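Number of protein chains: 2
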Amino acid sequence: MKTPICEQYGIDFPLFAFSHCRDVVAAVTNAGGLGVLGGTAYTPEQLEQELTWIDEQVKGKPYGVDIIVPAKYEGKGEKVTGTQLADRIPAEYQTYVTELLASHDIPVEEKRRLGDSNLSGNTGEALLEVALRHPIKLMANALGVPPDYMIEAGRSSGVPVAALVGAREHAIKQARAGVDLIIAQGTEAGGHCGEVSTLVLVPEVLAALAEIGSDIPVLAAGGIVTGRQMAGCVAMGAAGAWTGSVWLTTEEAETAPHTVQKMLAASSRDTIRSAGRTGKPSRQLVSDWTDAWAPNPGKQQPLPLPLQSMLVEPVLRRVDKLATNGHEGAQALATYFVGQGVGLMNKVKPAREVVLEFIEDYVAAAERLAGSLED
Amino acid sequence: MKTPICEQYGIDFPLFAFSHCRDVVAAVTNAGGLGVLGGTAYTPEQLEQELTWIDEQVKGKPYGVDIIVPAKYEGKGEKVTGTQLADRIPAEYQTYVTELLASHDIPVEEKRRLGDSNLSGNTGEALLEVALRHPIKLMANALGVPPDYMIEAGRSSGVPVAALVGAREHAIKQARAGVDLIIAQGTEAGGHCGEVSTLVLVPEVLAALAEIGSDIPVLAAGGIVTGRQMAGCVAMGAAGAWTGSVWLTTEEAETAPHTVQKMLAASSRDTIRSAGRTGKPSRQLVSDWTDAWAPNPGKQQPLPLPLQSMLVEPVLRRVDKLATNGHEGAQALATYFVGQGVGLMNKVKPAREVVLEFIEDYVAAAERLAGSLED
C-alpha cells in the first residue's frame, strides 16, 4: 500500500501494533507494519536494553515507543518518592486484597511488597530521553494530552507524536496541543478506554477534526483484531489501525500462559471495563479479580491512579505465576488487559503470521465492498 | 446494487430502517431501502390503519413490520389483563416517580394512569395476523428468539422472519430456531442492546454462523447513521445495515420536538444503557430521567418488563408534551431511545434525503477503501 500514512512512516501496511513485548514489536515492523513498544513499565536502563535489541532486529525499519504520562494522577507536581506514594494506600485496601487472596487459598506474604510507580519523579522524561537516542519513528502517549516536554521533544527531534483519544472533545484538544497522529480508540479496546464505540468514534473524531480545519491522520483502535475490521475503519476514513489485544496471544507475547488459554476460550462478552486494575477505567478479561471491584454492585471502589496499580500489580504478577503452576484459586483470579476482540482470538500464532493474515483479510474485505457495487 | 440481499428483498440498497413512524417507513421504501414499522405499540385496529396507509404510499414496494415478543416477561403464560399486571407495580415505585416529577415542578394527577401492555393476552399474535393481511416482505422480532407462531407464520406465508441478536450465542440459537435474517446489533444501538460493540459483534456472529454451517445473511446494526459506517460493516461481511436512531431526527419522525433538539445537540457520550425505561437494558439519551435509575450508583432498580414500561410510558409522554410547551423541569427529564450515533446526527432532514446521503457516502467509502490498495 502507498497511502499517505505508509509514505510518511515508511511502512507497507498501516497496521500499528502496541505491545510490551520487544519480539512482537520487531516482528510486526519486519513484516511491514509498525511495532510500538509500551515502555512505561521499564526503568530507563531496561528500556535502553530493549530498544538496542529491537534496533538489531529491525535494521533501520520503523518502530515506535509508547510512554504513558497521564494528565492527572495522585502525587502529580509533588516531589514524592514511590515509598511516599505507597504510604497513601489506605490499610483497608491492603486488607481487602489480603482477604480476596485468602478466599482463593493464596497465602499472603508477611510483608507484602507494593509496586513502585514510574509516575513518581520524572521517569517519563527519562524514558523519553532514552527513546530519543534510538532511531524511533513514533512516540505515543496512551493516556490524555502528551506533556509539553513530549510535544517539544517531538518537534526538535522530528519524531511524530501520537495520542489516544476516546471522545471527540479530546481529539480537538489533542489537535490543538500539536500532536501529529490521533488514535481514536473505542470502548471495546483493551486497556484504558472511554465509552464510545469505535464504529461511532472514528467518524465522529474525523468530523470534529474537519470542523476545526485539521487534517491530522486518525488511526482507528478498539476491538480491531482482523484485517476486515481494519478495512471497515479505513472505509470510514481512518488512515490505518492501532492494535494491542491481538498480539497478546501470539507466540512471542509476554502474556502469562494461563491467561493466554483464558483469552483463547473467551467470547467478546468476557471482558469488563473496570478501574480495578489501574484506578482508571480499562477493559480487562473478566475474572474473580475484576468481579471484586466496582462497577460491580456493592464492590470496592478502586484507588486513584497510580495507587491502585501499586497495590495490585505485584499481587497479580504473583497470581499469574501461581496460575501457571496450576493453582486453582489463582486461575480464577488471573486477568489481563484485553479488548472485546478477544472473542475473535482463537489460536496462538506467530506475530508475523498475524500481520500477513491481516493483509490478506484486508484485501478480501476491500474486494467484498467493491463487489457490492458491481452490477 | 445487486447483492443477494437486494435481489431477495427487491430493494436497490440494503438499508433497513426501523421506525415507529409510517411516513419514515414509506419514504425509505420509496427511496430504495426497506422500511420496517415498529408495530408493538399499536392496537390491531390501529396497525391495520397504518399498514393500509403504507400500502397506498409504496404501491407494492417492499416493507416490513416489527413486533416485539420477548422470550421472558412478567405475566408470560398467565392469563392476566393489563389491569391485573398493573396491580403488580409496587406502590413505592409509584411514589418514586411521583417524587421525581415533583422535584421537577410537575404536579401529579390525582389518579395517575398506568400504561397498558401489549404483552398481556395474545396481542402479539393478533398484531401479526393483521400484518400478514398486508403484502409485508419481512417480519422482525427485536427481542430474543421469535415465538414459534411467528416462525410458523413466516413459513406458511413465505414472509422472511428477522431477529436481533447482541451476542454470538444468541445468533446460533436464532439460526437453529429457523430465522431467515439475523440482525447483529452492537451495544452502541438505541433501544434494547447488549454489551458487545458492532465492530466486534458483526465478524463474531458471522464466524459463529459459519462454524455451524449456516449461511443466513447478517445485517449490521448499532451506531450506524452514515453510509460510511454501513460500508465498513459490508466490508466486514454484513449483507447490509439495520438502522433506527438516524430516522428520529428526520422531518417525518414522531419524535417529540424538544427531544429532537436534544438529539441534534448531543455527542455520542450523551447516551446511557439503562433498564429505566422498559425493564431491560436499552440505550437512551441521558437526562434527569435516566439519571434517576440504576445503573447510576444508589438509584432505583427498575421493575421487570413490561411493568417498568407500564409505569413510565404515560409519564414520559406527558413529560414530552410539557417539554414541547417550554416546561423546564420536563425538558430536563425528557429522553428517548437513541444510539451513540446521535453524535453524528446534527440536522433535521427528510427521510428520503437521509437514504440518498447514505448511498452517496457508501459509494465514497467503497472508493476510499479500494483507493488504499492502489499503487
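Here the protein sequences line up with chains X and Z, keeping their order.
When we follow our numbering, the leftmost residue of the first sequence carries the number 1, and every step to the right adds one.
When we follow our numbering, the leftmost residue of the second sequence carries the number 1001, and every step to the right adds one.
Every residue, glycine too, gets a C-beta built ideally from N, C-alpha and C.
Note that the structure is predicted; figures quoted are calculated from it, not measured.
Partner residues on chain X for residue i, Cβ-Cβ distance less than 7 Å
i, result
"Glu1195(Z)", "Arg269"
"Gln1229(Z)", "Leu199, Pro203, Met236"
Cutoff 8 Å: residue i Cβ touching any chain Z Cβ
i, result
"Ala366(X)", "yes"
"Thr187(X)", "yes"
"Leu393(X)", "The structure shown has nothing for residue 393(X), since chain X only spans 1 to 375."
"Gly244(X)", "no"
Closer than 8 Å to chain X by CB, residue i
i, result
"Ser1019(Z)", "no"
"Arg1176(Z)", "no"
"Val1349(Z)", "The amino acid occupying residue 1349(Z) in the given sequence is Lys; Val does not appear at that position. Output row for Lys1349(Z): interface = no."
"Thr1226(Z)", "yes"
"Arg1133(Z)", "no"
"Gly1298(Z)", "no"
"Ala1207(Z)", "yes"
Beta-bridge pairing of residue i - partner residues as DSSP gives them
i, result
"His1192(Z)", "Ser1282(Z)"
"Lys349(X)", "Thr250(X)"
"Ile1182(Z)", "Ala1163(Z), Val1218(Z)"
"Ala1140(Z)", "Asp1066(Z), Ala1162(Z)"
"Val1036(Z)", "Phe1018(Z), Gly1064(Z)"
"Ala241(X)", "Leu15(X), Ala220(X)"
"Trp1293(Z)", "Gln1300(Z)"
"Ser156(X)", "In the DSSP output, where bridge partners are listed per residue, Ser156(X) has none listed."
"Thr1081(Z)", "Answer is none; Thr1081(Z) lacks a bridge partner."
"Ser274(X)", "Ser282(X)"
"Phe337(X)", "Gln284(X)"
7 Å Cβ cut-off: residues of chain Z touching residue i
i, result
"Gln49(X)", "Those within 7 Å of Gln49(X) in chain Z number zero; the least Cβ separation is about 36 Å."
"Gly341(X)", "Val1200"
"Ala163(X)", "By Cβ distance, chain Z contributes nothing, its closest Cβ being about 18 Å from Ala163(X), past 7 Å."
Residue j beta carbon less than 8 Å from that of residue i
i, j, result
"Gly1377(Z)", "Met150(X)", "The requested residue 1377(Z) is not part of the displayed model; chain Z covers only 1001 to 1375."
"Thr242(X)", "Phe16(X)", "The sequence given here places Trp at residue 242(X); Thr does not occur at that position. The answer is yes: Cβ separation under 8 Å."
"Val58(X)", "Ala31(X)", "no"
"Ser309(X)", "Gly115(X)", "yes"
"Asp1023(Z)", "Glu1252(Z)", "yes"
"Gly33(X)", "Val65(X)", "no"
"Val159(X)", "Ile183(X)", "no"
"Ala131(X)", "Pro146(X)", "no"
"Arg1273(Z)", "Gly1191(Z)", "no"
"Gln1340(Z)", "Ser268(X)", "no"
"Gly343(X)", "Glu1204(Z)", "yes"
"Ile1068(Z)", "Ala1142(Z)", "yes"
"Ala275(X)", "Pro297(X)", "no"
"Ile54(X)", "Ala239(X)", "no"
"Ala221(X)", "Gln185(X)", "yes"
"Gly223(X)", "Glu360(X)", "no"
"Thr271(X)", "Val354(X)", "no"
"Asp1320(Z)", "Ala1334(Z)", "yes"
"Phe1018(Z)", "Gly1244(Z)", "yes"
"Glu1074(Z)", "Leu1307(Z)", "yes"
Chain-ordered neighbours of residue i on chain Z, where CB pairs are closer than 8 Å
i, result
"Met1(X)", "Ser1372, Leu1373"
"Leu369(X)", "Ala1231, Val1234, Ala1235, Ala1365, Ala1366, Leu1369, Ala1370"
"Gly223(X)", "Ser1197, Leu1199, Val1200"
Residues that residue i contacts on chain Z, provided the C-beta gap is smaller than 9 Å
i, result
"Arg168(X)", "Ser1267, Ser1268, Arg1269, Gly1343"
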